[in-house]
Amino acid sequence: MLAKVLTILAIAASAGAADDFDPFIDIPFKRLKTSAERIAEHGYPAESHFVETPDGYVLNVFRIPHSPNEGESEAPRPVVLIMHGLFSCSDCFLLNGPEDALPYKMLYAFGPVWLGNARGKFMYVNVHWLLPTFRTS
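So the sequence shown is residues -17 to -1, 1 to 120, counted in mature numbering (1 follows the signal peptide of the UniProt record, and there is no 0).
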């Protein structure tokens, strides 16, 4: 008898509360910034590129072509690719700002800097077009 009463109360409570329940109603979340936005905040030019892997993943990579002080260089310069490790993303290299962050130091020392992103980084993976087992070509 008690089990039936508790079951009915639980069903009634969940049915009425499901429509009004919003766990984030009082939490003011900030909009997430991309690496390009973080780079541009400091006055550096930033490019965002999408790369599709052979099995259909579309990854977002970023490029800092030159510093705002130097402008475009006519002479060819080495290119730097910075790739994060497991459980990280390209943002981790930018958080210290232009004075201390690795991409900015590499930009001044060598040349254009690319910041890569691996699979599974929620902001920088757009679509997995087709699973490899379902590809026709």
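In this text, a Cβ means the ideal position worked out from N, Cα and C, and glycines have one as well.
The structure presented is a predicted model; accordingly, all values stated were derived computationally and were not measured.
#### Entry: Closest Cα partner of L77 within the set L(-12), F12, E57 and A29
A29
### Task
Would you grab the beta carbon distance between L69 and P86 for me? Rounded to a whole angstrom, and I think it's under 8 Å.
Going by Cβ atoms, the distance from L69 to P86 rounds to 19 Å, so no, they are not a contact pair.
### Query
For F93, which residues from the same chain have a beta carbon less than 7 Å from its beta carbon, with the 5 sequence-adjacent residues on both sides left out?
R60, P61 and V63
### Task
List the whole-angstrom C-beta distance separating P48 from P11, where the pair is believed to meet the contact cut-off of C-beta under 8 Å.
Wrong, their Cβ atoms sit about 35 Å apart, outside the cutoff.
#### Entry: K88 to V44 span [Cα, whole Å]
19 Å
### Query
For the candidate residues S18, E53, D83 and P81, whose alpha-carbon lies nearest to that of R46?
S18
### Query
Ends of the alpha helix (DSSP H) at Y87?
L85 to A92
### Task
Specify the secondary structure class of S50 as computed by DSSP and reduced to three states.
coil
### Task
Compare the Cα-Cα distances from S71 to each of N79, N100 and E20 and report the closest residue.
N100
#### Entry: Sheet register partners of M66 (DSSP bridge)
G99
### Query
Quick one: what's got a C-beta closer than 7 Å to F117's C-beta in the same chain, skipping five residues either side?
The pLDDT assigned to F117 is 48, lower than 50, so where the model puts this residue is not dependable, and the model offers no usable value.
### Message
What does the alpha-carbon distance come out to for the pair E24 and G80?
### Response
10 Å
### Coarse secondary structure for L42, derived from DSSP in three states
strand
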